[in-house]
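These notes concern the structure reproduced below.
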Amino acid sequence: MSKTLLDINFKLEFAKKLVGGVIVDVENDVHAKIAQKSGARGVAPITILGKDKVQTMPDLTLIANIYDAVAIPIFGKIQIGHTIEAHIMERAGASFVDENENVDKPPDDIEHIDKTKFETPFSCGAKKLGDIVNAVAKGAAIIRLYEKEDANIVSLGSKLQKIKDKLKKVKELDQKQPDDPELDKIVEEEKCPKDQLIKLAKLDKIPIPIFASGFFATPANGAELMKRGFDGVFINTKVFSNNDNPIALIRGICKAVANYKDTEALIAASSGFTFT
3 MSKTLLDINF KLEFAKKLVG GVIVDVENDV HAKIAQKSGA RGVAPITILG
53 KDKVQTMPDL TLIANIYDAV AIPIFGKIQI GHTIEAHIME RAGASFVDEN
103 ENVDKPPDDI EHIDKTKFET PFSCGAKKLG DIVNAVAKGA AIIRLYEKED
153 ANIVSLGSKL QKIKDKLKKV KELDQKQPDD PELDKIVEEE KCPKDQLIKL
203 AKLDKIPIPI FASGFFATPA NGAELMKRGF DGVFINTKVF SNNDNPIALI
253 RGICKAVANY KDTEALIAAS SGFTFT
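To convert, count from 1 in the sequence shown and add 2; that's my numbering.
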């Protein structure tokens, strides 16, 4: 196995090519083609089973069909901590392995995969600072910061700022007094190794892209999240069913995310579709 492929810097260079973009959940190759045509930077195939709508690792036929249908990166969703699924998805040709909290709904305390042992870069979800610390330590290339489904985007944006503020506080406490009880309290709250938390805080910036996920997808919401410091967004399959023109909606979100500082571009991106 190539040392270069295992190097986190190599994986991060790939991940950073997606910054400023939109990743779309898709259920089939038709969805994938629509996403690509609309300007998405990547697609994440999903398989949903039964009335409880449980997600599982996608059938590899679906991955193969989408691989043949589009030229943009594919995020292969797997269960958190499931190394066999990770190896399968890697060999099936996924551009990223997405260790996903919605696949078979694992408990919060489950151990995540050591991503440094894989050639393929990983994305994974995070709800708090400790999740980010652990993900970075285990070699993740992209973080998806999320709350509950269809979360308020102001709340999601505030969560990112609070994480950054807490990292700054950790750095200040460590410089002042490394054995400060307040620092130990943060470590306990975040459930992460103290040395890894301090290491991340000293960088002054989270070293991997952080994308938003779990929000109601509109062009304005995508732009607001970018304004609040996210590097891109993941959007779910509702964009194919909750409006009368999925191409216009996804294209609008992609344009809004890429041009979130341009009011005229945002106005243009916010028309051409009606929610149903």
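From the three backbone atoms N, C-alpha and C, an ideal C-beta is built for every residue, glycine too.
Item	Value
Answer yes or no: do G132 and L227 have a C-beta to C-beta separation smaller than 8 Å?	no
Taking all protein chains shown into account, do 16 or more other C-beta atoms lie within 10 angstroms of the C-beta of K19, making it buried, or fewer, making it exposed?	exposed
What does the alpha-carbon distance come out to for the pair N81 and I200?	According to the sequence shown, residue 81 is Gln rather than Asn. Between Q81 and I200, the C-alpha separation is close to 29 Å.
Mark F277 as exposed unless 16 or more other C-beta atoms lie within 10 angstroms of its C-beta, in which case mark it buried.	exposed
Looking at the unbroken alpha helix (DSSP H) that takes in S279, where does it start and where does it end?	The structure shown has nothing for residue 279, since the chain only spans 3 to 278.
Let me make sure I understand the geometry here. Which of S272, P60, I145 has the alpha-carbon closest to that of D106?	P60
Taking only three categories from DSSP, how would you classify N245?	strand
Assign Q163 to one of two classes, buried (16 or more other C-beta atoms within 10 Å of its C-beta) or exposed (fewer than that).	exposed
In three-state DSSP terms, what is F12?	helix
Give the secondary structure of Y69 by DSSP, where H, G and I count as helix, E and B as strand, and everything else as coil.	helix
With H, G and I counted as helix, E and B as strand and the rest as coil, what does DSSP make of R93?	helix
Would you mind working out which of N245, V21, D181 sits nearest P75, comparing C-alpha positions?	V21
Assuming N136 is part of the alpha helix (DSSP H), what are its boundary residues?	131-139
Check the C-beta distance from D182 over to L175 and give it rounded, since I have them as a contact under 8 Å.	5 Å
Quick one: what does DSSP say K55 is sitting in, helix, strand or coil?	coil
Give a yes or no on whether the C-beta atoms belonging to A66 and G78 are separated by under 8 Å.	no
May I have the straight-line CA-CA distance separating I249 from N223, to the nearest angstrom?	17 Å
With a CB to CB cut of under 7 Å and the five nearest residues on each side skipped, what residues in its chain are close to A37?	V26, V28, V45, I252
If I follow the unbroken beta strand (DSSP E) through G224, where does it start and stop?	Taken as a continuous stretch (DSSP letters only), G224 belongs to no beta strand (DSSP E), being part of the alpha helix (DSSP H) at 221-229.
Counting C-beta neighbours from all protein chains within 10 Å, is the total for S215 16 or more, i.e. buried, or is it exposed?	buried
Ends of the alpha helix (DSSP H) at I269?	265-271
Quick check: the stretch 107-121 against the stretch 133-146, are at least 3 beta-carbon pairs closer than 8 Å?	yes
Anyone know if the C-beta pair for V99 and Q198 falls short of 8 Å?	no
Buried or exposed for S125, going by 16 or more other Cβ atoms inside 10 Å?	buried
Just to confirm the assignment, what range does the beta strand (DSSP E) spanning V24 have?	23-28
Could you check how far apart the C-beta atoms of P123 and A17 are, in whole angstroms? I think they sit under 8 Å.	6 Å
Alpha carbon to alpha carbon, how far is A73 from I269? Give it in angstroms, no decimals.	29 Å
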